[in-house]
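Chemist: Counting with the numbering used here, you get residues 20 to 127 for the letters of the sequence shown. Here a beta-carbon is modelled for each residue, glycine too, at the ideal position from N, C-alpha and C.
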Amino acid sequence: MATYAIGDVQGCADSLAALVQRLSFRPQRDRLWFVGDLVNRGPKSAEVLRMIRAAGPSAQVVLGNHDFHLLAMASGARPVQASDTVSALLDEPDAQELIDWLRQQPLC
20 MATYAIGDVQ GCADSLAALV QRLSFRPQRD RLWFVGDLVN RGPKSAEVLR
70 MIRAAGPSAQ VVLGNHDFHL LAMASGARPV QASDTVSALL DEPDAQELID
120 WLRQQPLC
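What follows is the structure in structure tokens.
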């Protein structure tokens with residue numbers, strides 16, 4: 020069994036997929052720990068959340084400041100700015116499911 024820590028994915032789903040493949044990750048055997056900032060900057064934040072959520076219990080998440088920013092925008096606590104790269108995620112058909120899943124992840 021191997022355990023990998025991955026930080027600052029930042030919405031880069033293609034890079035994450037390549038890394039997981041390079042690690043020869045096997046969900047029934049290995050564990051992935053994501054240590055914050057799953058979203059933002061990269062163009063595929065929603066895809067990153069889908070990938071990690073699909074990994075089920077083999078992936079553990081600790082939220083980062085970019086993840087908090089997304090949750091704040093989704094709840095209306097922060098206004099959505101045109102410059103926010105995660106704002107497109109809020110328009111995805113499964114946005115509410117992804118937000119609900121993200122809200123359930125631990126703070127530390």
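Identify whether residue 53 lies in helix, strand or coil by the three-state DSSP scheme.
Modeler: Of the three classes helix, strand and coil, the one that applies to residue 53 here is strand, per DSSP.
Chemist: Once DSSP output is grouped into helix, strand and coil, what is the label at residue 40?
Modeler: Three-state result, residue 40: helix.
Chemist: Is the CB-CB distance between residue 68 and residue 81 below 8 Å?
Modeler: No, they are not a contact pair.
Chemist: Helix, strand or coil for residue 32? Go by DSSP, reduced to three states.
Modeler: Note: residue 32 maps to helix in three-state DSSP.
Chemist: Against chain C, does residue 22 count as a neighbour if the rule is that its beta carbon must be under 8 Å from one of theirs?
Modeler: In summary, chain C is missing from the structure at hand, where a single protein chain is found.
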